[in-house]
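Colleague: So my numbering is basically just the index in the sequence shown, starting at one, shifted up by 1361.
For glycine and all other residues, C-beta sits at the position ideal for the given N, C-alpha and C.
Take this structure, written in C-alpha coordinates, and hold onto it; I'll ask about it next.
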Amino acid sequence: MSIELQLMINVIVSTMPYCILAYCPMLKYLRYKKWLVGIVIIISEFVFVNSSLIFLKNGINPRYSDVITSVICLIAYALCVKVDFFKLVFFYFFTAAYTMIIRGSSVFITGLIFPDSTLYYSIENSITQIVFFMLALPLILIFYKKTAERILDSPESGIWKTIWLVPAFIIFLIMMFTGSFDNDITKSWKFFITRICLLICVFIIYYVLLRSFDVLRNSAMLEERAKQAEAINDLQKAQYNLILKRIEETKMARHDLHQHLNLIQAYIDSGDQEALKNYLKMYKKTLPIDTSQTYCKNYAIDVLVRYYAEQARQSNIEFYTNIELPQEIAISEPDICVILGNLIENALEACQRKKSGEKFIRICGKLINENSISITIDNSCDEKPIKEGKEYRSSKRNEVGIGLISVKNIVEKYDGITDFKYENGVFFASILLNTT
(Lines of atoms letter the chains of each structure in order from A and count residues from 1; the text may use other names and numbers.)
(Lines give C-alpha, C1' and ligand atoms only; values in the text may rest on other atoms or scores of the structure.)
Protein backbone atom coordinates (compact mmCIF):
# COMPACT_ATOMS: atom_id res chain seq x y z
CA MET A 1 0.00 0.00 0.00
CA SER A 2 1.38 3.43 -0.95
CA ILE A 3 2.53 5.89 1.70
CA GLU A 4 -0.02 8.46 0.51
CA LEU A 5 -2.93 6.04 0.89
CA GLN A 6 -1.75 4.95 4.34
CA LEU A 7 -1.53 8.61 5.37
CA MET A 8 -5.03 9.35 4.06
CA ILE A 9 -6.51 6.41 5.97
CA ASN A 10 -4.63 7.33 9.13
CA VAL A 11 -5.73 10.98 9.00
CA ILE A 12 -9.38 9.93 8.66
CA VAL A 13 -9.07 7.34 11.44
CA SER A 14 -7.23 9.81 13.68
CA THR A 15 -9.67 12.69 13.27
CA MET A 16 -13.18 11.78 12.13
CA PRO A 17 -14.22 9.56 15.09
CA TYR A 18 -13.03 12.17 17.57
CA CYS A 19 -14.56 14.99 15.58
CA ILE A 20 -17.92 13.21 15.80
CA LEU A 21 -17.25 12.51 19.49
CA ALA A 22 -16.77 16.24 20.14
CA TYR A 23 -20.29 16.89 18.81
CA CYS A 24 -21.94 14.15 20.90
CA PRO A 25 -22.50 16.30 24.04
CA MET A 26 -23.67 19.16 21.80
CA LEU A 27 -26.51 17.45 19.92
CA LYS A 28 -29.12 19.50 21.84
CA TYR A 29 -27.25 22.72 21.16
CA LEU A 30 -26.65 22.55 17.39
CA ARG A 31 -27.38 25.70 15.38
CA TYR A 32 -28.21 23.71 12.25
CA LYS A 33 -29.70 20.39 11.20
CA LYS A 34 -27.62 17.32 11.97
CA TRP A 35 -27.13 16.54 8.28
CA LEU A 36 -25.68 20.01 7.72
CA VAL A 37 -23.26 19.50 10.60
CA GLY A 38 -22.37 16.14 9.02
CA ILE A 39 -21.48 17.94 5.79
CA VAL A 40 -19.27 20.34 7.76
CA ILE A 41 -17.45 17.37 9.30
CA ILE A 42 -16.91 15.79 5.87
CA ILE A 43 -15.56 19.06 4.45
CA SER A 44 -13.25 19.37 7.46
CA GLU A 45 -11.97 15.84 6.84
CA PHE A 46 -11.31 16.74 3.20
CA VAL A 47 -9.20 19.68 4.38
CA PHE A 48 -7.38 17.48 6.93
CA VAL A 49 -6.45 14.83 4.37
CA ASN A 50 -5.33 17.23 1.66
CA SER A 51 -3.28 19.42 3.99
CA SER A 52 -1.46 16.31 5.28
CA LEU A 53 -0.74 15.13 1.72
CA ILE A 54 0.56 18.59 0.76
CA PHE A 55 2.92 18.59 3.73
CA LEU A 56 4.11 15.05 2.87
CA LYS A 57 4.80 15.93 -0.78
CA ASN A 58 6.81 18.98 0.29
CA GLY A 59 8.98 16.96 2.65
CA ILE A 60 7.36 18.34 5.80
CA ASN A 61 6.20 16.10 8.62
CA PRO A 62 2.42 15.72 8.08
CA ARG A 63 1.87 16.05 11.82
CA TYR A 64 2.57 19.79 11.54
CA SER A 65 -0.63 20.12 9.53
CA ASP A 66 -2.50 19.20 12.73
CA VAL A 67 -2.04 22.77 13.96
CA ILE A 68 -3.78 24.26 10.91
CA THR A 69 -6.54 21.68 10.81
CA SER A 70 -7.18 22.01 14.55
CA VAL A 71 -7.83 25.74 14.16
CA ILE A 72 -10.17 25.07 11.22
CA CYS A 73 -12.00 22.41 13.22
CA LEU A 74 -12.42 24.78 16.19
CA ILE A 75 -13.89 27.49 13.94
CA ALA A 76 -16.33 24.99 12.42
CA TYR A 77 -17.19 23.77 15.93
CA ALA A 78 -17.98 27.30 17.10
CA LEU A 79 -20.12 27.98 14.02
CA CYS A 80 -22.16 24.79 14.41
CA VAL A 81 -22.73 24.77 18.19
CA LYS A 82 -24.74 27.36 20.10
CA VAL A 83 -22.97 27.33 23.46
CA ASP A 84 -20.95 29.87 25.44
CA PHE A 85 -17.69 30.18 23.49
CA PHE A 86 -15.39 29.40 26.41
CA LYS A 87 -17.42 26.34 27.40
CA LEU A 88 -17.13 25.20 23.81
CA VAL A 89 -13.35 25.76 23.80
CA PHE A 90 -13.08 23.76 27.03
CA PHE A 91 -14.86 20.76 25.50
CA TYR A 92 -12.88 21.08 22.28
CA PHE A 93 -9.53 21.03 24.07
CA PHE A 94 -10.71 18.27 26.40
CA THR A 95 -11.61 16.08 23.40
CA ALA A 96 -8.37 17.08 21.65
CA ALA A 97 -6.32 16.03 24.69
CA TYR A 98 -8.21 12.74 24.86
CA THR A 99 -7.61 12.21 21.12
CA MET A 100 -3.88 12.87 21.38
CA ILE A 101 -3.49 10.45 24.28
CA ILE A 102 -5.37 7.65 22.47
CA ARG A 103 -3.39 8.27 19.25
CA GLY A 104 -0.06 8.20 21.08
CA SER A 105 -0.98 5.04 22.99
CA SER A 106 -1.99 3.31 19.76
CA VAL A 107 1.39 4.19 18.22
CA PHE A 108 3.11 2.53 21.20
CA ILE A 109 0.96 -0.62 20.97
CA THR A 110 1.56 -0.78 17.21
CA GLY A 111 5.31 -0.69 17.85
CA LEU A 112 5.01 -3.66 20.22
CA ILE A 113 2.79 -5.77 17.96
CA PHE A 114 4.38 -4.74 14.64
CA PRO A 115 8.06 -3.98 15.39
CA ASP A 116 8.81 -3.61 11.66
CA SER A 117 6.28 -0.78 11.29
CA THR A 118 8.25 2.49 11.14
CA LEU A 119 5.58 4.99 10.06
CA TYR A 120 3.28 6.45 12.71
CA TYR A 121 0.59 6.65 10.02
CA SER A 122 0.99 3.04 8.86
CA ILE A 123 -2.07 0.91 8.14
CA GLU A 124 -1.18 -1.17 11.21
CA ASN A 125 -1.37 1.93 13.38
CA SER A 126 -4.72 2.88 11.84
CA ILE A 127 -6.13 -0.54 12.73
CA THR A 128 -4.77 -0.27 16.28
CA GLN A 129 -6.32 3.19 16.64
CA ILE A 130 -9.73 1.88 15.58
CA VAL A 131 -9.50 -0.91 18.17
CA PHE A 132 -8.39 1.54 20.88
CA PHE A 133 -11.18 3.95 20.00
CA MET A 134 -13.87 1.26 20.08
CA LEU A 135 -12.64 -0.09 23.42
CA ALA A 136 -12.61 3.36 25.02
CA LEU A 137 -15.80 4.63 23.35
CA PRO A 138 -18.35 3.28 25.91
CA LEU A 139 -16.36 4.83 28.77
CA ILE A 140 -16.13 8.30 27.24
CA LEU A 141 -19.79 8.26 26.12
CA ILE A 142 -20.99 7.33 29.62
CA PHE A 143 -18.71 9.98 31.06
CA TYR A 144 -20.06 12.64 28.68
CA LYS A 145 -23.67 11.59 29.27
CA LYS A 146 -23.40 11.94 33.05
CA THR A 147 -21.38 15.14 33.16
CA ALA A 148 -21.51 17.19 29.97
CA GLU A 149 -25.07 18.48 30.28
CA ARG A 150 -24.54 19.54 33.90
CA ILE A 151 -21.58 21.68 32.86
CA LEU A 152 -23.15 23.03 29.68
CA ASP A 153 -26.20 24.20 31.63
CA SER A 154 -24.15 25.68 34.47
CA PRO A 155 -24.92 29.37 35.09
CA GLU A 156 -21.33 30.29 36.02
CA SER A 157 -20.20 31.61 32.64
CA GLY A 158 -17.46 33.94 33.94
CA ILE A 159 -15.26 31.16 35.28
CA TRP A 160 -15.11 29.48 31.85
CA LYS A 161 -12.97 32.34 30.57
CA THR A 162 -10.06 30.76 32.43
CA ILE A 163 -11.08 27.11 32.99
CA TRP A 164 -10.50 26.25 29.31
CA LEU A 165 -6.79 26.80 29.98
CA VAL A 166 -6.71 23.55 32.01
CA PRO A 167 -7.19 21.13 29.06
CA ALA A 168 -5.08 23.50 26.94
CA PHE A 169 -2.26 23.07 29.46
CA ILE A 170 -2.71 19.27 29.33
CA ILE A 171 -2.23 19.45 25.55
CA PHE A 172 0.90 21.52 26.12
CA LEU A 173 2.26 18.84 28.48
CA ILE A 174 1.47 16.11 25.95
CA MET A 175 3.38 17.95 23.24
CA MET A 176 6.22 18.86 25.59
CA PHE A 177 6.92 15.38 26.99
CA THR A 178 5.51 12.97 24.37
CA GLY A 179 5.12 15.11 21.26
CA SER A 180 7.61 13.25 19.10
CA PHE A 181 6.49 10.14 17.18
CA ASP A 182 10.05 8.98 16.44
CA ASN A 183 10.33 5.20 16.64
CA ASP A 184 12.88 5.20 19.46
CA ILE A 185 10.59 7.35 21.59
CA THR A 186 7.18 5.86 20.81
CA LYS A 187 8.36 2.31 21.49
CA SER A 188 9.51 3.16 25.03
CA TRP A 189 7.37 2.38 28.06
CA LYS A 190 8.09 5.89 29.34
CA PHE A 191 6.17 7.32 26.37
CA PHE A 192 3.18 5.04 26.97
CA ILE A 193 3.04 5.48 30.76
CA THR A 194 3.32 9.26 30.41
CA ARG A 195 0.37 9.36 28.01
CA ILE A 196 -1.75 7.11 30.24
CA CYS A 197 -0.94 9.23 33.29
CA LEU A 198 -1.92 12.36 31.39
CA LEU A 199 -5.19 10.66 30.40
CA ILE A 200 -5.91 9.92 34.06
CA CYS A 201 -5.07 13.54 34.89
CA VAL A 202 -7.56 14.74 32.27
CA PHE A 203 -10.40 12.75 33.82
CA ILE A 204 -9.43 13.65 37.40
CA ILE A 205 -9.35 17.36 36.53
CA TYR A 206 -12.66 17.06 34.73
CA TYR A 207 -14.20 15.30 37.74
CA VAL A 208 -12.87 17.90 40.20
CA LEU A 209 -14.20 20.70 38.00
CA LEU A 210 -17.58 19.02 37.88
CA ARG A 211 -17.73 18.72 41.67
CA SER A 212 -16.68 22.34 41.98
CA PHE A 213 -19.46 23.45 39.64
CA ASP A 214 -21.98 21.42 41.63
CA VAL A 215 -20.85 23.23 44.79
CA LEU A 216 -21.05 26.60 43.04
CA ARG A 217 -24.49 25.84 41.67
CA ASN A 218 -25.81 24.67 45.05
CA SER A 219 -24.31 27.76 46.65
CA ALA A 220 -26.04 29.95 44.07
CA MET A 221 -29.35 28.19 44.71
CA LEU A 222 -29.00 28.62 48.48
CA GLU A 223 -28.12 32.26 47.98
CA GLU A 224 -31.19 32.72 45.79
CA ARG A 225 -33.43 31.04 48.36
CA ALA A 226 -31.93 33.15 51.15
CA LYS A 227 -32.53 36.25 49.05
CA GLN A 228 -36.17 35.30 48.52
CA ALA A 229 -36.62 34.40 52.20
CA GLU A 230 -35.16 37.77 53.20
CA ALA A 231 -37.48 39.50 50.74
CA ILE A 232 -40.48 37.67 52.23
CA ASN A 233 -39.33 38.63 55.72
CA ASP A 234 -39.04 42.28 54.68
CA LEU A 235 -42.50 42.15 53.13
CA GLN A 236 -43.94 40.66 56.31
CA LYS A 237 -42.29 43.41 58.38
CA ALA A 238 -43.74 46.01 56.04
CA GLN A 239 -47.15 44.36 56.38
CA TYR A 240 -46.83 44.36 60.17
CA ASN A 241 -45.86 48.05 60.20
CA LEU A 242 -48.81 48.78 57.93
CA ILE A 243 -51.14 47.00 60.38
CA LEU A 244 -49.74 49.08 63.27
CA LYS A 245 -50.24 52.21 61.21
CA ARG A 246 -53.83 51.21 60.47
CA ILE A 247 -54.44 50.61 64.20
CA GLU A 248 -53.20 54.12 65.00
CA GLU A 249 -55.29 55.54 62.18
CA THR A 250 -58.33 53.71 63.56
CA LYS A 251 -57.75 55.23 67.00
CA MET A 252 -57.52 58.69 65.47
CA ALA A 253 -60.57 58.02 63.31
CA ARG A 254 -62.59 57.07 66.40
CA HIS A 255 -61.64 60.35 68.06
CA ASP A 256 -62.41 62.33 64.90
CA LEU A 257 -65.66 60.43 64.42
CA HIS A 258 -66.84 61.60 67.84
CA GLN A 259 -66.33 65.21 66.75
CA HIS A 260 -68.02 64.60 63.39
CA LEU A 261 -71.04 63.03 65.13
CA ASN A 262 -71.32 66.01 67.48
CA LEU A 263 -71.33 68.40 64.52
CA ILE A 264 -73.84 66.27 62.59
CA GLN A 265 -76.09 66.17 65.65
CA ALA A 266 -75.87 69.96 65.88
CA TYR A 267 -76.95 70.33 62.23
CA ILE A 268 -79.86 67.94 62.84
CA ASP A 269 -80.94 69.78 65.98
CA SER A 270 -80.87 73.11 64.14
CA GLY A 271 -82.75 71.66 61.17
CA ASP A 272 -80.16 73.00 58.71
CA GLN A 273 -80.44 70.21 56.13
CA GLU A 274 -78.49 72.09 53.45
CA ALA A 275 -75.51 72.66 55.72
CA LEU A 276 -75.63 69.00 56.74
CA LYS A 277 -75.59 67.85 53.10
CA ASN A 278 -72.62 70.11 52.28
CA TYR A 279 -70.72 68.91 55.32
CA LEU A 280 -71.29 65.22 54.50
CA LYS A 281 -70.27 65.86 50.89
CA MET A 282 -67.00 67.50 52.02
CA TYR A 283 -66.40 64.77 54.60
CA LYS A 284 -66.67 62.01 51.96
CA LYS A 285 -63.90 63.68 49.96
CA THR A 286 -61.56 63.46 52.93
CA LEU A 287 -62.05 59.71 53.34
CA PRO A 288 -59.10 57.61 52.02
CA ILE A 289 -59.73 55.33 49.08
CA ASP A 290 -59.93 51.68 50.12
CA THR A 291 -57.17 50.05 48.09
CA SER A 292 -56.75 46.91 50.17
CA GLN A 293 -57.11 43.66 48.24
CA THR A 294 -56.57 40.04 49.14
CA TYR A 295 -54.89 38.05 46.36
CA CYS A 296 -54.65 34.68 48.09
CA LYS A 297 -55.85 33.01 51.28
CA ASN A 298 -52.27 31.89 51.98
CA TYR A 299 -50.67 34.73 53.91
CA ALA A 300 -47.10 34.43 52.53
CA ILE A 301 -48.28 34.25 48.92
CA ASP A 302 -50.69 37.13 49.49
CA VAL A 303 -47.94 39.37 50.91
CA LEU A 304 -45.61 38.50 48.04
CA VAL A 305 -48.19 39.10 45.30
CA ARG A 306 -49.37 42.32 46.97
CA TYR A 307 -45.81 43.66 46.89
CA TYR A 308 -45.38 42.99 43.17
CA ALA A 309 -48.89 44.29 42.47
CA GLU A 310 -47.85 47.63 43.94
CA GLN A 311 -44.64 47.58 41.88
CA ALA A 312 -46.70 46.91 38.75
CA ARG A 313 -49.15 49.72 39.60
CA GLN A 314 -46.28 52.19 39.96
CA SER A 315 -44.95 51.12 36.54
CA ASN A 316 -48.41 51.37 34.90
CA ILE A 317 -48.52 47.62 34.28
CA GLU A 318 -51.88 45.83 34.25
CA PHE A 319 -51.80 43.21 36.99
CA TYR A 320 -54.37 40.38 36.77
CA THR A 321 -54.57 37.60 39.36
CA ASN A 322 -56.71 34.54 39.94
CA ILE A 323 -55.00 32.62 42.73
CA GLU A 324 -57.37 30.03 44.19
CA LEU A 325 -55.04 28.41 46.71
CA PRO A 326 -56.08 27.55 50.29
CA GLN A 327 -54.56 28.98 53.44
CA GLU A 328 -52.62 25.75 54.06
CA ILE A 329 -50.81 24.08 51.15
CA ALA A 330 -48.61 20.98 50.99
CA ILE A 331 -45.71 22.93 49.48
CA SER A 332 -43.34 24.68 51.88
CA GLU A 333 -43.85 28.44 51.90
CA PRO A 334 -40.16 29.23 51.17
CA ASP A 335 -40.30 27.00 48.07
CA ILE A 336 -43.57 28.39 46.70
CA CYS A 337 -42.39 31.94 47.38
CA VAL A 338 -39.07 31.36 45.59
CA ILE A 339 -41.00 30.07 42.57
CA LEU A 340 -43.51 32.93 42.53
CA GLY A 341 -40.95 35.58 43.48
CA ASN A 342 -38.57 34.67 40.64
CA LEU A 343 -41.27 34.32 38.00
CA ILE A 344 -43.18 37.49 38.92
CA GLU A 345 -39.96 39.49 39.22
CA ASN A 346 -38.88 38.33 35.75
CA ALA A 347 -42.31 39.22 34.37
CA LEU A 348 -42.19 42.66 36.01
CA GLU A 349 -38.72 43.40 34.62
CA ALA A 350 -39.77 42.30 31.13
CA CYS A 351 -42.77 44.65 31.25
CA GLN A 352 -40.64 47.51 32.56
CA ARG A 353 -38.26 47.07 29.61
CA LYS A 354 -41.17 47.11 27.15
CA LYS A 355 -41.03 50.40 25.24
CA SER A 356 -44.54 50.51 23.79
CA GLY A 357 -47.83 48.66 23.60
CA GLU A 358 -49.82 46.91 26.30
CA LYS A 359 -47.98 45.95 29.47
CA PHE A 360 -49.54 43.21 31.53
CA ILE A 361 -48.90 40.38 33.97
CA ARG A 362 -51.42 37.55 34.41
CA ILE A 363 -51.08 35.18 37.36
CA CYS A 364 -53.18 32.08 37.91
CA GLY A 365 -52.83 29.48 40.65
CA LYS A 366 -55.11 26.63 41.62
CA LEU A 367 -55.31 23.12 43.03
CA ILE A 368 -55.78 20.23 40.61
CA ASN A 369 -57.41 17.09 42.04
CA GLU A 370 -56.09 18.04 45.50
CA ASN A 371 -52.76 16.44 44.56
CA SER A 372 -51.18 19.09 42.37
CA ILE A 373 -50.74 22.85 42.22
CA SER A 374 -50.81 24.62 38.89
CA ILE A 375 -49.21 28.05 38.49
CA THR A 376 -49.15 30.07 35.27
CA ILE A 377 -47.62 33.52 34.83
CA ASP A 378 -47.94 35.27 31.47
CA ASN A 379 -46.44 38.66 30.68
CA SER A 380 -46.01 40.97 27.74
CA CYS A 381 -42.48 41.06 26.39
CA ASP A 382 -40.78 43.15 23.69
CA GLU A 383 -38.09 40.67 22.68
CA LYS A 384 -37.80 36.91 22.65
CA PRO A 385 -35.62 35.80 25.59
CA ILE A 386 -32.21 34.47 24.58
CA LYS A 387 -31.60 30.78 25.26
CA GLU A 388 -28.24 29.15 25.87
CA GLY A 389 -28.82 25.46 25.38
CA LYS A 390 -31.90 24.66 27.44
CA GLU A 391 -31.63 27.66 29.77
CA TYR A 392 -32.60 31.30 29.33
CA ARG A 393 -29.97 33.99 29.71
CA SER A 394 -30.43 36.64 32.38
CA SER A 395 -31.35 40.14 31.19
CA LYS A 396 -29.30 41.60 34.06
CA ARG A 397 -26.13 39.57 33.55
CA ASN A 398 -24.57 38.12 30.44
CA GLU A 399 -24.98 34.55 31.67
CA VAL A 400 -27.60 31.91 32.33
CA GLY A 401 -30.27 33.16 34.75
CA ILE A 402 -29.95 31.57 38.19
CA GLY A 403 -33.56 32.41 39.10
CA LEU A 404 -35.16 30.10 36.54
CA ILE A 405 -32.67 27.33 37.34
CA SER A 406 -33.64 27.70 41.01
CA VAL A 407 -37.31 27.43 40.01
CA LYS A 408 -36.60 24.27 37.99
CA ASN A 409 -34.69 22.66 40.85
CA ILE A 410 -37.55 23.27 43.29
CA VAL A 411 -40.10 21.94 40.79
CA GLU A 412 -37.98 18.81 40.30
CA LYS A 413 -37.96 18.33 44.08
CA TYR A 414 -41.75 17.98 43.92
CA ASP A 415 -41.63 15.76 40.79
CA GLY A 416 -43.22 18.60 38.88
CA ILE A 417 -43.09 20.05 35.38
CA THR A 418 -41.86 23.40 34.06
CA ASP A 419 -42.67 24.86 30.68
CA PHE A 420 -41.41 28.21 29.40
CA LYS A 421 -42.17 29.56 25.95
CA TYR A 422 -42.45 32.81 24.01
CA GLU A 423 -45.14 33.46 21.40
CA ASN A 424 -46.33 36.66 19.72
CA GLY A 425 -44.93 39.09 22.25
CA VAL A 426 -45.97 37.09 25.32
CA PHE A 427 -43.79 34.97 27.61
CA PHE A 428 -45.64 32.01 29.15
CA ALA A 429 -44.38 30.35 32.34
CA SER A 430 -46.21 27.23 33.50
CA ILE A 431 -45.49 25.22 36.65
CA LEU A 432 -47.05 21.99 37.93
CA LEU A 433 -46.16 20.80 41.44
CA ASN A 434 -47.14 17.45 42.94
CA THR A 435 -48.17 17.70 46.59
CA THR A 436 -48.22 13.96 47.34
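So C1742 packs on K1715, CB below 8 Å; how close in whole Å?
Modeller: Against the sequence shown, residue 1742 aligns to sequence position 381. Against the sequence shown, residue 1715 aligns to sequence position 354. Their Cβ separation, rounded to whole angstroms, is 7 Å, which keeps C1742 and K1715 in contact under 8 Å.
Colleague: Here's the rule I'm using: 16 or more other beta-carbon atoms within 10 Å means buried, otherwise exposed. How should S1467 be labelled?
Modeller: The sequence position of residue 1467 within the sequence shown is 106, counting from 1. When all chains shown are included, S1467 counts as buried.
Colleague: Taking only three categories from DSSP, how would you classify G1726?
Modeller: Taking the first residue of the sequence shown as 1, we reach residue 1726 at position 365. Under the three-state reduction of DSSP output, G1726 falls in the strand class.
Colleague: Are there three or more Cβ pairs, one per stretch, closer than 8 Å when the segment 1637-1645 is compared with the segment 1679-1698?
Modeller: In short, these stretches do not touch, since the Cβ pair count stays below three.
Colleague: Helix, strand or coil, according to DSSP, for I1462 in the structure here?
Modeller: Taking the first residue of the sequence shown as position 1, residue 1462 is located at position 101. I1462 falls in the helix class under three-state DSSP.
Colleague: For A1790, list the residues DSSP reports as bridge partners.
Modeller: Position 429 of the sequence shown, counted from the start, is the residue given in the question as residue 1790. Per DSSP, I1738, F1781.
Colleague: What residues in its chain sit with their C-beta under 6 Å from that of I1738, if we drop five residues either side in the sequence?
Modeller: Numbered from its first residue, the sequence shown carries residue 1738 at position 377. Counting only Cβ-Cβ distances below 6 Å, and skipping sequence neighbours, we find L1704, A1708, I1724, A1790.
Colleague: The alpha helix (DSSP H) spanning I1692 covers which residue range?
Modeller: Taking the sequence shown and counting its residues from 1, one reaches residue 1692 at position 331. No alpha helix (DSSP H) contains I1692, which DSSP labels as neither H nor E.
Colleague: Which residues does DSSP list as the beta-bridge partners of Y1681?
Modeller: For the purposes of this step, residue 1681 is taken as the residue at position 320 of the sequence shown. Bridge partners of Y1681: R1723.
Colleague: Can you give, in chain order, each stretch of the beta strand (DSSP E) that sits fully within the segment 1376-1445 and has at least 3 residues?
Modeller: Taken in chain order, the segment 1376-1445 contains no complete beta strand (DSSP E) segment of 3 residues or longer.
Colleague: My output table needs one value for N1639: the three-state DSSP class, helix, strand or coil.
Modeller: The residue you call residue 1639 lines up with position 278 of the sequence shown. Reduced to three states, the DSSP call for N1639 is helix.
Colleague: Sorted by chain position, which residues of the same chain lie with C-beta nearer than 6 Å to L1560's C-beta, five sequence neighbours on each side aside?
Modeller: Translated into positions along the sequence shown, residue 1560 becomes position 199. Counting only Cβ-Cβ distances below 6 Å, and skipping sequence neighbours, we find I1462.
Colleague: Which word fits N1458, buried or exposed, when buried means at least 16 other C-beta atoms lie within 10 angstroms of its C-beta?
Modeller: Here residue 1458 corresponds to residue number 97 of the sequence shown, with the count starting at 1. The residue asked about is misnamed: residue 1458 is Ala in this sequence, not Asn. Buried is the call here.
Colleague: Report the partner residues of N1795 according to the DSSP bridge assignment.
Modeller: In the sequence shown, counting from the first residue as 1, residue 1795 sits at position 434. In the DSSP assignment, N1795 is bridged to S1733.
Colleague: Count Cβ pairs between the segment 1363-1378 and the segment 1407-1423 that sit closer than 8 Å; are there 3 or more?
Modeller: yes
Colleague: Going along the chain, which residues of its own chain have a beta-carbon closer than 8 Å to the beta-carbon of K1522, five neighbours each way excluded?
Modeller: Translated into the one-based positions of the sequence shown, residue 1522 becomes position 161. Once the five neighbours on either side are set aside, the close Cβ partners of K1522 are F1447.
Colleague: When we look at the beta-carbon of R1556 and count the other beta-carbons within 10 Å, is it buried (16 or more) or exposed?
Modeller: To locate residue 1556, count along the sequence shown from 1; it is residue 195. Buried.
Colleague: Less than 8 Å separating the Cβ of L1686 from some heavy atom of the ligand ADP?
Modeller: Inclusion of the ligand ADP in the displayed structure is not the case, the ligand content being empty and no account of it being possible.
Colleague: Count the other C-beta atoms from every protein chain shown that fall within 10 angstroms of the C-beta of P1386, then say buried if there are 16 or more, exposed otherwise.
Modeller: In the sequence shown, residue 1386 corresponds to position 25, counting from 1. Buried, by the Cβ-count rule.
Colleague: Report the CB separation of N1795 from S1733 in whole angstroms; it is logged as a contact under 8 Å.
Modeller: Here residue 1795 refers to the residue found at position 434 when the sequence shown is read from its first residue. Here residue 1733 refers to the residue found at position 372 when the sequence shown is read from its first residue. Confirmed, about 5 Å.
Colleague: Measure the C-alpha to C-alpha separation of I1697 and V1772 and round it to an integer number of angstroms.
Modeller: Within the sequence shown, the letter at position 336 stands for residue 1697. Within the sequence shown, the letter at position 411 stands for residue 1772. Rounded to the nearest angstrom, the two C-alpha atoms are 9 Å apart.
Colleague: Measuring only the C-alpha atoms, how far is I1700 from Q1675?
Modeller: If you number the sequence shown from 1, residue 1700 lands on position 339. If you number the sequence shown from 1, residue 1675 lands on position 314. About 23 Å.
Colleague: Just verifying my parser: in three-state terms, what is the DSSP assignment at S1573?
Modeller: Within the sequence shown, numbered from 1, the residue matching residue 1573 stands at position 212. Of the three classes helix, strand and coil, the one that applies to S1573 here is helix, per DSSP.
Colleague: Straight-line CA distance for E1744 to G1786?
Modeller: Mapped onto the sequence shown, residue 1744 falls at position 383. Mapped onto the sequence shown, residue 1786 falls at position 425. Distance from the CA of E1744 to the CA of G1786, rounded to the nearest whole angstrom, comes to 7 Å.
Colleague: Rounded to whole angstroms, what's the CA-CA distance from C1712 to Q1634? Just pull it up for me.
Modeller: Here residue 1712 refers to the residue found at position 351 of the sequence shown. Here residue 1634 refers to the residue found at position 273 of the sequence shown. Taking the straight line joining both Cα atoms gives about 52 Å.
Colleague: Check whether the Cβ atoms of I1566 and I1532 sit closer than 9 Å, and answer yes or no.
Modeller: Numbered from its first residue, the sequence shown carries residue 1566 at position 205. Numbered from its first residue, the sequence shown carries residue 1532 at position 171. Contact annotation: I1566 and I1532 have beta-carbon atoms that are not nearer than 9 Å.
Colleague: What does the alpha-carbon distance come out to for the pair R1392 and L1473?
Modeller: Translated into the one-based positions of the sequence shown, residue 1392 becomes position 31. Translated into the one-based positions of the sequence shown, residue 1473 becomes position 112. Between R1392 and L1473, the C-alpha separation is close to 44 Å.
Colleague: Which residue's Cα is closest to the Cα of R1399: C1441, I1364, V1410?
Modeller: Along the sequence shown, read from residue 1 onward, the residue named residue 1399 stands at position 38. The amino acid at residue 1399 is misidentified as Arg; the sequence shows Gly. Residue C1441 is the option with its Cα nearest to G1399.
Colleague: What do you get for G1702, buried or exposed, if any count of 16 or more other CB atoms within 10 angstroms of its CB means buried?
Modeller: The count along the sequence shown starts at 1 and reaches residue 1702 at position 341. It is buried - the Cβ of G1702 has at least 16 other Cβ atoms within 10 Å.
Colleague: Tell me which same chain residues have a C-beta within less than 6 Å of the C-beta of V1450, skipping the five on either side of it?
Modeller: Numbered from 1 along the sequence shown, position 89 holds the residue referred to as residue 1450. These residues qualify, in order along the chain: W1525.
Colleague: Tell me whether N1659 sits in a helix, a strand or coil according to DSSP, three-state version.
Modeller: Within the sequence shown, numbered from 1, the residue matching residue 1659 stands at position 298. Coil.
Colleague: How many Å lie between E1731 and Y1775 at the Cα?
Modeller: To locate residue 1731, count along the sequence shown from 1; it is residue 370. To locate residue 1775, count along the sequence shown from 1; it is residue 414. Straight-line spacing of the CA atoms in E1731 and Y1775 works out to 14 Å.
Colleague: Grab me the residues of F1409's own chain with a C-beta within less than 7 Å of its C-beta, minus the 5 sequence neighbours each way, in chain order.
Modeller: To locate residue 1409, count along the sequence shown from 1; it is residue 48. Answer for F1409: V1372, T1376, T1430, listed in chain order.
Colleague: Thinking just about the alpha-carbon of each residue, which of I1778, I1470, L1513, S1413 is nearest to the one in L1388?
Modeller: Within the sequence shown, residue 1388 is the residue found at index 27, counting from 1. Of the candidates I1778, I1470, L1513, S1413, the one whose C-alpha sits nearest the C-alpha of L1388 is L1513.
Colleague: Compare the C-alpha of I1778 against each of A1439, E1584, N1740, S1735 and name the closest.
Modeller: Here the question's residue 1778 lines up with position 417 in the sequence shown. Ranking the options by Cα distance to I1778, first place goes to S1735.
Colleague: On a Cα-Cα basis, can you pick out the residue from Y1669, C1434, G1718 that is closest to F1680?
Modeller: Here residue 1680 refers to the residue found at position 319 when the sequence shown is read from its first residue. It is Y1669 whose Cα lies nearest to the Cα of F1680.
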